[in-house]
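In this text, residue positions in the sequence shown follow the numbering used here: the first is 1, and each later residue adds one.
Using N, Cα and C, we set each Cβ at its ideal position, and we do this for glycine too.
Because the structure is a prediction, the values reported are computed rather than measured.
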Amino acid sequence: VYTVINLLELGRLKQHLFETDPDAFVVVNDTAEVIGTRFLTWEDEGFKRRP
């Protein structure tokens, strides 16, 4: 799975991944620029924000 997220979402993603699979292998890369037109939020995909 490859995804591009912002720093605020990174913590949420890591928490979810390691709660789901503590042995998950994850690579995080810093990106200076992303080009494209279709960027969705978690909510756009049907996920709900935690309080």
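Proximity of I5 and L17 at Cβ, strictly below 8 Å:
no
Boundaries of the alpha helix (DSSP H) in which R38 is found, first to last residue
First-last for R38: undefined, no H or E at that position.
Check K14 in the structure and name its three-state DSSP category.
Reduced to three states, the DSSP call for K14 is helix.
Does the distance from the CB of V27 to the CB of L10 come in under 8 Å?
no
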